[in-house]
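Here is the structure we will look at, set down as structure tokens.
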Amino acid sequence: MSWGTELWDQFDNLEKHTQWGIDTLEKCIKFVKERTEIELSYAKQLRNLSKKYQPKKNSKEEEEYKYTSCKAFISTLNEMNDYAGQHEVISENMASQIIVDLARYVQELKQERKSNFHDGRKAQQHIETCWKQLESSKRRFERDCKEADRAQQYFEKMDADINVTKADVEKARQQAQIRHQMAEDSKADYSSILQKFNHEQHEYYHTHIPNIFQKIQEMEERRIVRIGESMKTYAEVDRQVIPIIGKCLDGIVKAAESIDQKNDSQLVIEAYKSGFEPPGDIEFEDYTQPMKRTVSDNSLSNSRGEGKPDLKFGGKSKGKLWPFIKKNKPPPPPPASASPSAVPNGPQSPKQQKEPLSHRFNEFMTSKPKIHCFRSLKRGLSLKLGATPEDFSNLPPEQRRKKLQQKVDELSKEIQKEMDQRDAITKMKDVYLKNPQMGDPASLDHKLAEVSQNIEKLRLETQKFEAWLAEVEGRLPARSEQARRQSGLYDSQNPPTVNNCAQDRESPDGSYTEEQSQESEVKVLATDFDDEFDDEEPLPAIGTCKALYTFEGQNEGTISVVEGETLYVIEEDKGDGWTRIRRNEDEEGYVPTSYVEVCLDKNAKDS
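Pasting the structure below:
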């Protein structure tokens, strides 16, 4: 099967077919090129997607990724990033192994095709030239033969005519001989050219054209083989990354299998456990038998301990009626424009007229004590200024324990770091003592003293936090006197911390309400009630409200709200046009009642 023998007369069709083959090859190159662009685009989109859902550093999202399900999600994102890298590898390999090679091969193929068909056209032109020569000699031979015949006929006519002179007959005879000789020459020339043409034609159809067409056939077959090889390479490039992609998918499956729902549940407990005890049963209050307080000094606390063991005013019971409320937050004052009725009187003296316990309890729930213990006042001021108390007393017990433990661990690491630095300085000083030429040992004394001082400060700080931690964990029943002295020593070294009631005897609106002559009395009262009010709790929420308008709380005791915001109601309007609300554990105050839509909790209101 050869194109030279089978397609000897299909030169033009072969030319068209080979051009179509080159166009097909270029089409394959274009296809692979577009595939590489798709792979690059897909890889880029996968990387952007993975990056989009990665947790942002130093954000709340990063803290949420401590759960095993979130860690598995992060592992999935990382595996998808590697998965995208494999698609980039596919694009690179296809570009280098297919596109570049085929593009170079197409150029070589075009040059080879051009050379082969140039030789074919040259052979065609040569045989056409030979054919023209043959035709020319044939026409000349034919013309000379006809001329010779006419000359012979003319001679014979002249020879038969008696009226013609002998000279004319001789002339006609000579002319006939000349024409006859010319015909013979043309015949010989035509015969020679014919033989030559036949030889050239035989060479053309049996040698030149078969050789040229054979080269074209081999060229076309190589093109077909190259397309097949490119298709195999196209598949192999994909096949090479399948094991790595499989590992990426296996990594996702492994991450999914590492999810531990029990562990995540335990982490939720550690993150949100408050440490409060659940509220106890509320005892039945019998209004058919009015209960009267005695006039003794401790009758108030006794009656409360007997009537409502879970509600405390002066007792030290650790039972909490409102476990979700943060303790030690002093209640904000009413706004300056509020009527005097908005500020209920504080707890009355036990010497006043006796009244039912239920009335006293309602008064206690709505009262705003004027006398605060030192620590409550200090914590309230710090919360009011937006600062976090040093002992984390604004947090529930369990969360406070975690924060204190974390602080103790951080201080321990800092102490170890300082001790390592001290040991290094000590060794360097010993080297200087043994080799004075290396340095002056006395130059390190100042640095060594500074490091020792830092270690001592850190140790005092650690002891202070350990004392608070022991108090929270229940190892100590209350804050020991030694811990108080250490805290006082540390506070004296840190002037910004307020530790003096005389400096804090301000009313919530900023004015001094105590006279200097009453300072000793306030100190005695604060000392007596320090432990009583240490676990003081803010008012419970009795409902919710929705801000109808935006209110800018510029006066002391007010709170700013934004239209549409939902807040908690802790004290309803007393008739002065102001309602007391709370945004969160740190922010509460008064807003105009007309600015909010109040929805009270019936159960809370009845209780």
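Taking the working numbering, I'd label the letters of the sequence shown as residues 3 to 609. Positions of the beta carbon are idealized from the N, C-alpha and C atoms, including for glycine.
Q: Would you tell me roughly how many angstroms separate the C-alpha atoms of Glu589 and Val563, rounded to the nearest one?
A: In this structure, the alpha-carbon of Glu589 lies about 11 Å from that of Val563.
**Q.** Residues bridged to Phe13 (per DSSP)
**A.** Partner(s): none; Phe13 has no beta bridge.
Q: Return the chain-ordered list of same chain residues with a C-beta closer than 6 Å to the C-beta of Asp146, the five sequence neighbours on each side being excluded.
A: Result list for Asp146: Met184, Ala185 and Ser188, in chain order.
Q.
When you compare the CB positions of Tyr592 and Thr560, do they come within less than 8 Å of one another, or not?
A. Cβ atoms of Tyr592 and Thr560: closer than 8 Å.
**Q.** Reference Lys404, options Gln439, Ile457 and Val474, closest by Cα
**A.** It is Val474 whose Cα lies nearest to the Cα of Lys404.
Q: Keeping to the same chain, check which residues put their C-beta closer than 7 Å to that of Ser454; ignore five residues upstream and five downstream.
A: If the five residues before and after Ser454 are omitted, its C-beta is found closer than 7 Å to the C-beta atoms of Arg424, all from its own chain and listed in chain order.
Q: Name the two residues that bound the continuous alpha helix (DSSP H) containing Lys548.
A: Element bounds for Lys548: not the alpha helix (DSSP H) but the beta strand (DSSP E), Gly545 to Ala549.
**Q.** Backbone CA spacing between Glu587 and Gly555 [nearest angstrom]
**A.** Their backbone Cα atoms lie some 18 Å apart in a straight line.
Q | Proximity of Thr70 and Asp252 at Cβ, strictly below 8 Å | A | No; because the gap between Cβ atoms is not below 8 Å, this pair is not in contact.
Q. Of all the options Phe143, Phe119, Lys73 and Thr167, which has the alpha carbon lying nearest to the alpha carbon of Phe215?
A. Nearest of Phe143, Phe119, Lys73 and Thr167 to Phe215, Cα basis: Phe119.
Q.
I need the boundaries of the beta strand (DSSP E) containing Leu602, first residue and last residue.
A. In the DSSP annotation of this structure, the continuous segment of the beta strand (DSSP E) that includes Leu602 starts and ends at Val598 to Leu602.
Q) Among Cys601, Glu285 and Ser93, which has the Cα closest to the Cα of Thr38? A) The candidate whose alpha carbon is nearest that of Thr38 is Ser93.
Q.
Considering only their Cβ atoms, is the gap separating Val91 from Leu27 smaller than 8 Å?
A. It is not a contact, given that the beta carbons lie outside the stated cut-off.
Q: Pull up the distance between the alpha-carbon of Asp161 and that of Gln177, whole angstroms please.
A: The alpha-carbon atoms of Asp161 and Gln177 are separated by roughly 13 Å.
(Q) Quick check: is any heavy atom of the ligand GDP less than 7 Å from the C-beta of Ser276? (A) By its list of ligands, the structure shown contains no ligand whatsoever, and the ligand GDP lies outside what it can speak to.
Q) Where does Gln47 land, buried or exposed, given buried means 16+ other C-beta within 10 angstroms? A) With a 10 Å radius around the Cβ and a threshold of 16 neighbouring Cβ atoms, Gln47 comes out exposed.
Q: Taking all protein chains shown into account, decide if His204 is buried (16 or more other Cβ within 10 angstroms of its Cβ) or exposed.
A: Residue environment analysis places His204 among the exposed positions, since fewer than 16 neighbouring C-beta atoms fall within 10 angstroms of its C-beta.
**Q.** the segment 428-446 / the segment 395-412 touching (three or more Cβ pairs under 8 Å)
**A.** No: fewer than three Cβ pairs fall under 8 Å.
**Q.** Beta-carbon separation (whole angstroms), Phe157 vs Ala174, contact threshold 8 Å
**A.** Sure, about 4 Å apart at Cβ, within 8 Å.
Q: Please confirm whether Tyr2 and Val34 have their CB atoms less than 8 Å apart.
A: Look at the range of the chain in this structure, 3 to 609, and you will see that residue 2 is not part of it.
Q: For the alpha helix (DSSP H) holding Pro245, just list the boundary residues, first then last.
A: Annotation for Pro245: the continuous alpha helix (DSSP H) segment containing it runs Ile211 to Glu259.
Q) Touching or not, the segment 112-132 and the segment 208-228, by the rule of three or more beta carbon pairs under 8 Å? A) The answer is yes - the segment 208-228 touches the segment 112-132, with three or more Cβ pairs under 8 Å.
Q) Who are the Cβ neighbours of Leu16 in its own chain at under 8 Å, not counting the five residues just before and after it? A) Result list for Leu16: Trp5, Leu9, Phe215 and Ile218, in chain order.
Q: Kindly identify the DSSP beta-bridge partner or partners of Ile583.
A: Per DSSP, the beta bridge partners of Ile583 are Val571 and Gly591.
Q: Name, in chain order, the residues that DSSP records as bridge partners for Phe553.
A: Beta-bridge pairing links Phe553 to Val563.
Q: Express the C-alpha separation of Lys59 and Phe248 in angstroms, rounding to a whole number.
A: It should be pointed out that residue 248 corresponds to Gly in this sequence rather than to Phe. Going by the C-alpha atoms only, they are around 30 Å apart.
Q) For Asp84, which of helix, strand or coil comes out of DSSP? A) In the structure shown, Asp84 sits in a helix (DSSP, three-state: H, G or I).
Q | Residues near Leu413 in its chain [Cβ-Cβ closer than 8 Å; skip 5 each side] | A | The residues are Leu460, Glu463, Thr464 and Phe467.
Q.
I need the DSSP call for Lys59, collapsed to helix, strand or coil.
A. Correct three-state label for Lys59: coil.
Q) If you check the beta carbons only, do Gly566 and Ala549 fall under 8 Å apart? A) In this structure, Gly566 lies near Ala549, with their beta-carbon atoms less than 8 Å apart.
Q.
Using a 10 Å radius around the Cβ and a threshold of 16 neighbouring Cβ atoms, would you call Val239 buried or exposed?
A. Flag for Val239 reads buried.
Q: Return helix, strand or coil for Leu196, following the three-state DSSP convention.
A: Helix at Leu196.
Q: Check Ile457 in the structure and name its three-state DSSP category.
A: In this structure, DSSP gives Ile457 a helical state, which the three-state scheme calls helix.
**Q.** Span of the alpha helix (DSSP H), counted from its first residue to its last, around Pro399
**A.** Residues Pro399 to Lys436.
Q. Can you tell me whether Gln88 is buried or exposed, with buried defined as 16 or more other CB within 10 angstroms of its CB?
A. So Gln88 counts as buried.
Q | Member of Asp14, Gln179 and Gly23 whose CA lies at the smallest distance from the CA of Glu223 | A | Comparing Cα positions, the closest option is Gly23.
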